[in-house]
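Asks: Quick one: the structure is below, and I'll ask about it shortly.
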Amino acid sequence: MPLDTSTYNLALLRVDGRRWNELRRVHAQIRTQAAADGSSYLEMGHTKVMCVVTGPSEPGPRRGTGGGGAGGAGAGGAAEVVVSIVIAGFSSVDRKRHGRGDKRTLELQSTVANALAASLHIHLFPHSQVNISLHVLSQDGSLLAALINAAALACVDAGIPMTDYVAACTAGSTSTYAANDEGADPLLDLNHQEEQELPGLTVATLGESDRVVVLVCESRVQVSRLEGMLAVGVDGCKQVREILDRVVREKGRRMVQEGTVEKGIGLNEMDVD
Amino acid sequence: MNDRRRINGPAGATLAPFFDDAAPQDLDTRSTRSRPPNATRKLLLKTGVTPSASGSAYLEIETSAKPGLSGLKLSCSVHGPRALPKSAPFSPHIVLSTHVKYAPFATQQRRGYLRDSSERDLGIHLETALRGAIIADRWPKSGVDIIVSIIEGDQDRETSKLQGDEVWDMMNTLSGCITVAAAALADAGIDCVDTVAGGVAALVQDADDGSAPSIAVDPIPSEHKRILAACCVAYLPTRDEVTNLWFRGDLPASDLDLYTSLVGHGIQASKNANRVLIDCLSGTVG
Amino acid sequence: MASSQHVLLSPAELAYLHASLSLTPPIRPDGRSPTQFRPLVAETGILPGTNGSARICFADGTEAIVGVKAEVERTAQRPGEETVFLEEGGAGGDGDDEEEEAGQGLDKRKGDASWVEMTVEIPGLRDDDSGTAFLAAMLSEALLADGEFAKRLWINRRFHWKLYLDIILISPPLSYPLPLLSLTTHLALLSTRLPRLKSEGDEDPFFDDDWAAAPYLFPRTTSSSSTPSSTTTKSPTPAATRPPITLLVMAVGNNIIFDPSKEELAVADVALAVSVTGLSPSHETETGGGTAGEKQTGRNLRLLSIRTIDPPSRLTAPGVANAANTAYGASNGTSNGTQKMAEAEAVEGVWRPPRGGAKRMVLGALVQKVLERGGVVDEVLDALEGADSG
Numbered sequence: 001m002p003l004d005t006s007t008y009n010l011a012l013l014r015v016d017g018r019r020w021n022e023l024r025r026v027h028a029q030i031r032t033q034a035a036a037d038g039s040s041y042l043e044m045g046h047t048k049v050m051c052v053v054t055g056p057s058e059p060g061p062r063r064g065t066g067g068g069g070a071g072g073a074g075a076g077g078a079a080e081v082v083v084s085i086v087i088a089g090f091s092s093v094d095r096k097r098h099g100r101g102d103k104r105t106l107e108l109q110s111t112v113a114n115a116l117a118a119s120l121h122i123h124l125f126p127h128s129q130v131n132i133s134l135h136v137l138s139q140d141g142s143l144l145a146a147l148i149n150a151a152a153l154a155c156v157d158a159g160i161p162m163t164d165y166v167a168a169c170t171a172g173s174t175s176t177y178a179a180n181d182e183g184a185d186p187l188l189d190l191n192h193q194e195e196q197e198l199p200g201l202t203v204a205t206l207g208e209s210d211r212v213v214v215l216v217c218e219s220r221v222q223v224s225r226l227e228g229m230l231a232v233g234v235d236g237c238k239q240v241r242e243i244l245d246r247v248v249r250e251k252g253r254r255m256v257q258e259g260t261v262e263k264g265i266g267l268n269e270m271d272v273d
Numbered sequence: 001m002n003d004r005r006r007i008n009g010p011a012g013a014t015l016a017p018f019f020d021d022a023a024p025q026d027l028d029t030r031s032t033r034s035r036p037p038n039a040t041r042k043l044l045l046k047t048g049v050t051p052s053a054s055g056s057a058y059l060e061i062e063t064s065a066k067p068g069l070s071g072l073k074l075s076c077s078v079h080g081p082r083a084l085p086k087s088a089p090f091s092p093h094i095v096l097s098t099h100v101k102y103a104p105f106a107t108q109q110r111r112g113y114l115r116d117s118s119e120r121d122l123g124i125h126l127e128t129a130l131r132g133a134i135i136a137d138r139w140p141k142s143g144v145d146i147i148v149s150i151i152e153g154d155q156d157r158e159t160s161k162l163q164g165d166e167v168w169d170m171m172n173t174l175s176g177c178i179t180v181a182a183a184a185l186a187d188a189g190i191d192c193v194d195t196v197a198g199g200v201a202a203l204v205q206d207a208d209d210g211s212a213p214s215i216a217v218d219p220i221p222s223e224h225k226r227i228l229a230a231c232c233v234a235y236l237p238t239r240d241e242v243t244n245l246w247f248r249g250d251l252p253a254s255d256l257d258l259y260t261s262l263v264g265h266g267i268q269a270s271k272n273a274n275r276v277l278i279d280c281l282s283g284t285v286g
Numbered sequence: 001m002a003s004s005q006h007v008l009l010s011p012a013e014l015a016y017l018h019a020s021l022s023l024t025p026p027i028r029p030d031g032r033s034p035t036q037f038r039p040l041v042a043e044t045g046i047l048p049g050t051n052g053s054a055r056i057c058f059a060d061g062t063e064a065i066v067g068v069k070a071e072v073e074r075t076a077q078r079p080g081e082e083t084v085f086l087e088e089g090g091a092g093g094d095g096d097d098e099e100e101e102a103g104q105g106l107d108k109r110k111g112d113a114s115w116v117e118m119t120v121e122i123p124g125l126r127d128d129d130s131g132t133a134f135l136a137a138m139l140s141e142a143l144l145a146d147g148e149f150a151k152r153l154w155i156n157r158r159f160h161w162k163l164y165l166d167i168i169l170i171s172p173p174l175s176y177p178l179p180l181l182s183l184t185t186h187l188a189l190l191s192t193r194l195p196r197l198k199s200e201g202d203e204d205p206f207f208d209d210d211w212a213a214a215p216y217l218f219p220r221t222t223s224s225s226s227t228p229s230s231t232t233t234k235s236p237t238p239a240a241t242r243p244p245i246t247l248l249v250m251a252v253g254n255n256i257i258f259d260p261s262k263e264e265l266a267v268a269d270v271a272l273a274v275s276v277t278g279l280s281p282s283h284e285t286e287t288g289g290g291t292a293g294e295k296q297t298g299r300n301l302r303l304l305s306i307r308t309i310d311p312p313s314r315l316t317a318p319g320v321a322n323a324a325n326t327a328y329g330a331s332n333g334t335s336n337g338t339q340k341m342a343e344a345e346a347v348e349g350v351w352r353p354p355r356g357g358a359k360r361m362v363l364g365a366l367v368q369k370v371l372e373r374g375g376v377v378d379e380v381l382d383a384l385e386g387a388d389s390g
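Residue numbers (full-length UniProt numbering), protein chains in the order written: chain A, 1 to 273; chain B, 1 to 286; chain C, 1 to 390.
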């Protein structure tokens with residue numbers, strides 16, 4: 001079913017009723033699984049992702065999968081970040097079996113691995129491995145952004161030192177490339193329908209800075225529109241960062257209240273009520 | 001997983017239209033079982049058929065008189081014990097790897113060259129059955145490969161419409177695989193606590209009316225109206241122990257005796273196969 | 001194979017574990033009673049995009065998610081069957097699996113094993129790993145064993161539902177994942193709903209858009225009486241059956257232990273996976289009173305499948321008794337002699353991996369323990385039903 005973009009100009013509302021600069025509901029949890037070193041669950045709209053982090057640990061037997069290894073692989077100077085993504089068969093509207101060697105999955109894996117390897121302090125863990133295992137339970141656009149956010153949260157939970165959050169978001173444009181509409185507005189956080197029809201990009205930034213760590217654009221778009229999209233995307237990343245930060249702080253506060261962890265010195269700066 | 005190395009036939013196979021000149025009532029007549037319910041089919045077992053392997057065996061189950069009904073034909077070769085590759089981690093025991101593969105032409109449905117899930121499943125069953133029999137700690141740091149090829153499956157060519165029979169066929173196949181692998185292991189000179197052999201028993205209902213089901217040993221699915229349950233047993237006769245038990249069917253839990261006697265009959269069938277196995281092996285020695 | 005993954009326990013630890021599990025009553029490392037399951041957290045209907053879904057998290061941290069998706073598929077017509085179809089109700093020669101319900105007008109419903117596709121996804125294992133294939137075969141075998149399940153997917157003579165069950169283990173496989181996967185699948189199937197059929201007869205099917213009206217694949221016993229309209233398409237007889245569950249049981253010495261953890265499985269003499277299904281209790285009172293004539297608690301259980309699981313205990317390293325240990329003054333003569341001594345009678349407190357199979361009596365006792373009325377299966381099914389409705 002083609003996306004009806006004609007109504008946007010009338011009410012400035014998108015198909016799901018959002019304004020151009022609105023994020024979908026982002027819901028996240030950390031420490032969802034007892035056994036793992038770090039784990040998280042993230043929903044961006046109807047896109048649902050689970051992440052489990054194991055490590056830093058001794059690397060297991062080498063496997064020739066080549067699936068998204070990044071960092072000091074083999075050099076021994078830094079830990080290797082290995083990402084594996086499992087896309088559940090039931091995640092999309094029509095059931096589709098995703099093999100493990102799927103090219104698209106491999107690309108996602110290496111993008112996530114590179115994004116995190118840049119912000120994790122992997123040089124502190126030579127000769128070791130950080131395993132990030134991501135499970136996609138439901139897909140509705142902005143998959144890569146959700147994967148990066150979930151992986152960042154799980155790494156925080158695992159207590160792996162990192163410079164700052166890596167927060168990701170998508171941005172798009174209100175009209176298609178073919179329309180060649182100069183006055184097209186940028187859009188924030190595309191859903192599946194919009195992603196299919198409209199040009200879009202995924203951007204991830206490091207913390208509160210404007211430093212971009214990931215920029216993926218897989219659709220045709222006029223150069224003139226790109227800057228606007230990027231600006232909106234970076235702005236969205238900041239909003240996402242706020243949400244991730246709130247989730248982590250909330251969990252930390254609760255853990256202190258429950259007595260799971262001692263209130264440390266560093267926590268004084270965190271305003272625990 | 002797709003087989004990308006070979007040129008395979010088209011995936012969507014169709015059945016050719018089937019015109020039968022015979023009178024309609026002939027369609028209904030099934031071959032009925034002529035053996036008594038506790039008799040197994042005759043077995044032919046021969047060891048040392050593959051000179052290049054450390055041990056090998058060939059098993060054939062009697063083909064019934066009716067044309068078009070094929071018997072099971074299996075060949076098994078054992079390679080090893082041999083040293084594990086240098087990269088493998090230390091193992092205090094012999095590492096067993098079992099492969100069961102249907103020949104592409106063995107069954108009605110053509111089998112590909114890569115093992116499908118049912119063949120892998122059979123491989124695990126076989127591994128469980130053999131691991132109980134082998135004295136594994138006599139060969140640390142070594143491995144053995146057991147490869148069973150099913151040259152001809154146990155299927156009735158005429159009953160193409162019978163669905164769900166494959167699962168019962170699998171049990172017959174597994175019992176044959178166990179017996180033939182045990183013979184090949186003995187031929188390779190690998191120490192076992194006992195010779196293990198497979199046996200199948202099934203709870204069958206032959207009549208349409210609600211008559212009580214009976215237990216038949218070594219069943220051929222096409223010979224029975226309906227199979228309610230079946231079990232495949234791998235049994236060590238001198239130790240009186242079961243190394244692998246696979247049961248499938250639908251039995252009320254209140255009737256545990258039925259289950260017990262089903263397993264009992266399976267063991268009986270396994271003992272019959274074991275007699276052939278012992279005969280064959282002692283013939284080789286003598 | 002997931003069951004035979006390497007266990008990092010020394011022979012002395014194994015011997016200790018084996019000894020404590022062989023006591024009467026056995027002492028388990030986590031303090032459970034022999035029939036007690038690990039505590040678990042379960043939720044259903046977590047994914048609105050699926051027909052049914054469930055998530056279970058065991059206390060040891062293993063977690064699984066199952067999603068069920070259904071698609072309408074055209075039934076393959078096999079030549080030679082048309083003739084049978086023309087004569088209504090004449091259950092001619094090839095009605096193999098349906099003579100039971102004759103007279104109910106249901107004899108035209110038939111199922112096929114290929115209508116259910118099950119995939120198991122375990123992190124760290126290849127797609128075509130034999131152990132994964134074994135797990136998937138075991139779970140689907142239990143589901144299809146009675147032939148009733150596939151019949152539920154029948155729409156009309158030309159179409160049927162194709163059910164995809166995707167089982168995903170989220171955590172790394174810390175223990176043999178069979179019980180976890182089976183319980184999660186059970187819950188997902190309990191919560192599975194298929195859209196209500198609006199078309200009639202053999203025309204192309206079309207369905208009610210209202211998801212609230214969609215009947216459950218396994219009708220709820222409570223709701224079936226209040227809203228009969230939604231369940232009329234389902235046959236009343238098998239309505240009360242529940243999806244199967246597969247339990248892992250093991251024997252150590254004379255003890256039977258349910259739901260073993262990885263360490264416990266490492267000293268098992270024999271391990272069995274037993275699949276059972278239970279009729280729901282309300283239904284049971286009707287039939288139970290008629291057939292048995294006595295009032296009993298618990299469900300009518302049916303045994304669906306049994307498989308032997310290769311216990312990892314066979315792959316553990318044996319301990320060396322002091323008498324055979326050269327470090328403790330054993331004669332360092334022919335290696336053959338020490339070898340013989342190592343294989344002779346077991347020495348108290350020295351671990352020896354089990355050899356050979358299991359006695360028939362032991363296997364029988366395991367199965368009997370599982371099928372006990374009002375036993376563990378009842379407990380588990382009650383708990384799962386509670387999780388589903390709550």
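All residues carry an ideal CB built from backbone N, CA and C; glycine is no exception. Small disclaimer: the values here were computed from a predicted structure and weren't measured.
Report the option in C/G147, C/F134 and C/D30 whose CA atom is closest to the CA atom of C/T277.
Replies: Taking the third sequence and counting its residues from 1, the one referred to as residue 277 of chain C is at position 277. With distances taken between Cα atoms, C/T277 lies closest to C/G147.
Asks: The beta strand (DSSP E) that contains A/C237, what's its start and end?
Replies: Numbered from 1 along the first sequence, position 237 holds the residue referred to as residue 237 of chain A. Where A/C237 is concerned, there is no enclosing beta strand (DSSP E), although the alpha helix (DSSP H) it sits in stretches over V223 to E258.
Asks: Identify the contact partners of C/A59 in chain A, using a Cβ-Cβ distance below 8 Å as the criterion.
Replies: Here residue 59 of chain C is taken as the residue at index 59 of the third sequence, counted from 1. What C/A59 touches in chain A: A34.
Asks: How about B/Y58 and B/S34: are their beta carbons less than 8 Å apart?
Replies: One-based indexing of the second sequence puts residue 58 of chain B at position 58. One-based indexing of the second sequence puts residue 34 of chain B at position 34. For B/Y58 and B/S34, no; Cβs fall outside 8 Å.
Asks: Using a beta-carbon distance below 8 Å, is A/L42 in contact with chain C?
Replies: What you label residue 42 of chain A is simply residue 42 of the first sequence in a count that begins at 1. Taking Cβ atoms only, chain C never reaches closer than 8 Å to A/L42, which makes this a no.
Asks: Starting from the Cα of A/N9, find the closest Cα among A/S128, A/V82 and A/S173 and give me that residue.
Replies: The count along the first sequence starts at 1 and reaches residue 9 of chain A at position 9. Comparing Cα-Cα distances from A/N9 to each of A/S128, A/V82 and A/S173, the minimum goes to A/S173.
Asks: How big is the Cα-Cα spacing for C/R158 and C/D202?
Replies: Taking the third sequence and counting its residues from 1, the one referred to as residue 158 of chain C is at position 158. Taking the third sequence and counting its residues from 1, the one referred to as residue 202 of chain C is at position 202. Looking at the two C-alpha atoms, the distance is approximately 6 Å.
Asks: I want to see whether chain A comes within less than 8 Å of C/Y164, judged by CB atoms only; does it?
Replies: Numbered from its first residue, the third sequence carries residue 164 of chain C at position 164. Interface residue, yes.
Asks: Sort out for me which residues DSSP pairs A/I87 with in a bridge.
Replies: Taking the first residue of the first sequence as position 1, residue 87 of chain A is located at position 87. Per DSSP, A/V136.
Asks: Under 7 Å Cβ-Cβ, which residues of chain C neighbour A/L137?
Replies: For the purposes of this step, residue 137 of chain A is taken as the residue at position 137 of the first sequence. The contacting residues are L47 and I65.
Asks: Using a Cβ-Cβ cut-off of 8 Å, state whether A/G74 counts as contacting chain C.
Replies: Looking up residue 74 of chain A in the first sequence gives position 74. With a pLDDT of only 47 at A/G74, under the threshold of 50, the placement of this residue in the model should not be trusted, and no figure is reported.
Asks: Within 8 Å (strictly less), CB to CB, does C/L143 reach chain B?
Replies: In the third sequence, residue 143 of chain C corresponds to position 143, counting from 1. C/L143 does not count as touching chain B.
Asks: Starting from C/D166 and walking both ways along the beta strand (DSSP E), at which residues does that stretch end?
Replies: Numbered from 1 along the third sequence, position 166 holds the residue referred to as residue 166 of chain C. Run containing C/D166: F159 to L169, per the beta strand (DSSP E) assignment.
Asks: In this structure, how does DSSP classify C/G131 when only helix, strand and coil are distinguished?
Replies: Residue numbering aside, residue 131 of chain C sits at position 131 when the third sequence is read from its first letter. Residue state, collapsed to three classes: helix.
Asks: Rounded to the nearest angstrom, how far is the Cβ of B/G199 from that of B/L72, given a contact under 8 Å?
Replies: Start at 1 with the first residue of the second sequence, and residue 199 of chain B comes out as number 199. Start at 1 with the first residue of the second sequence, and residue 72 of chain B comes out as number 72. So it is not a contact: roughly 14 Å between Cβ atoms.
Asks: Starting from residue 337 of chain B, follow its DSSP beta bridges and name the residues at the other end.
Replies: In the structure displayed, chain B extends from 1 to 286; residue 337 of chain B sits before or after that span and is not available.
Asks: Would you say C/D166 and C/T119 are within 8 Å of each other, going by their C-beta atoms?
Replies: As a working note, residue 166 of chain C is residue 166 in the third sequence. As a working note, residue 119 of chain C is residue 119 in the third sequence. Going by C-beta atoms, C/D166 is nearer than 8 Å to C/T119.
Asks: From A/H46, A/P59 and A/G38, pick the residue whose C-alpha is nearest to that of A/V52; which is it?
Replies: In the first sequence, residue 52 of chain A corresponds to position 52, counting from 1. For the residues A/H46, A/P59 and A/G38, the minimum Cα distance to A/V52 belongs to A/G38.
Asks: Does any CB atom of chain C fall closer than 8 Å to the CB of B/E127?
Replies: Taking the second sequence and counting its residues from 1, one reaches residue 127 of chain B at position 127. Yes, B/E127 lies at the interface with chain C (some Cβ there is under 8 Å from its Cβ).
Asks: Could you tell me which residues DSSP pairs with C/S305 in its beta bridges?
Replies: Residue mapping note: residue 305 of chain C aligns to position 305 of the third sequence, counting from 1. In DSSP, C/S305 forms a bridge with B/R248 and C/S275.
Asks: Got a sec: is the Cβ-Cβ distance from B/F105 to anything in chain C below 8 Å?
Replies: Along the second sequence, one-based indexing puts residue 105 of chain B at 105. False, the Cβ-Cβ gap to chain C never drops below 8 Å.
Asks: What span of residues does the beta strand (DSSP E) with A/S173 cover, start to end?
Replies: Translated into positions along the first sequence, residue 173 of chain A becomes position 173. Per DSSP, A/S173 belongs to the beta strand (DSSP E) from V166 to S173.
Asks: In three-state DSSP terms, what is residue 287 of chain B?
Replies: Beyond the ends of chain B as shown, which are 1 and 286, falls residue 287 of chain B; an answer cannot be given.
Asks: Can you tell me where the beta strand (DSSP E) holding A/L215 begins and where it ends?
Replies: In the first sequence, the residue the question calls residue 215 of chain A occupies position 215. V212 to C217 is the extent of the beta strand (DSSP E) around A/L215.
Asks: Could you check if B/I150 is buried or exposed, using at least 16 other CB atoms within 10 Å of its CB as the buried criterion?
Replies: Position 150 of the second sequence, counting from 1, holds the residue named residue 150 of chain B. B/I150 should be labelled buried.
Asks: Whether or not the segment 263-278 of chain B and the segment 184-198 of chain B are in contact is what I'm after, with contact meaning three or more pairs of Cβ atoms, one per stretch, closer than 8 Å; do they touch?
Replies: Yes, the segment 184-198 of chain B touches the segment 263-278 of chain B.
Asks: Go to C/M361, then tell me how far its alpha helix (DSSP H) extends in each direction, as first and last residue.
Replies: As a first step, residue 361 of chain C is located in the third sequence; it is residue number 361 there, counting from the start. R360 to L371 is the extent of the alpha helix (DSSP H) around C/M361.
Asks: Run down chain C in chain order and give the residues with a C-beta less than 7 Å from the C-beta of A/V214.
Replies: One-based indexing of the first sequence puts residue 214 of chain A at position 214. Those do not exist, as A/V214 stays about 24 Å from chain C at its closest Cβ, beyond 7 Å.
Asks: Terminal residues of the continuous beta strand (DSSP E) containing C/G386?
Replies: For the purposes of this step, residue 386 of chain C is taken as residue 386 along the third sequence, with counting starting at 1. C/G386 -> not in any beta strand (DSSP E); alpha helix (DSSP H) instead, spanning V376 to S389.
Asks: Residue range of the beta strand (DSSP E) that A/L42 falls in?
Replies: Here residue 42 of chain A is taken as the residue at index 42 of the first sequence, counted from 1. Looking at the DSSP string, the run of the beta strand (DSSP E) that includes A/L42 is G38 to M44.
Asks: Smallest Cα separation from C/A346: which of C/G364, C/G319, C/A365 and C/A327?
Replies: Residue numbering aside, residue 346 of chain C sits at position 346 when the third sequence is read from its first letter. That would be C/G319, whose Cα lies nearest to the Cα of C/A346.
Asks: Identify, in the order they occur along the chain, each residue of the same chain with its Cβ nearer than 6 Å to the Cβ of C/W115, setting aside the five sequence neighbours on each side.
Replies: As a working mapping, residue 115 of chain C is identified with position 115 in the third sequence. Cβ within range, chain order: A150, L153, H160 and K162.
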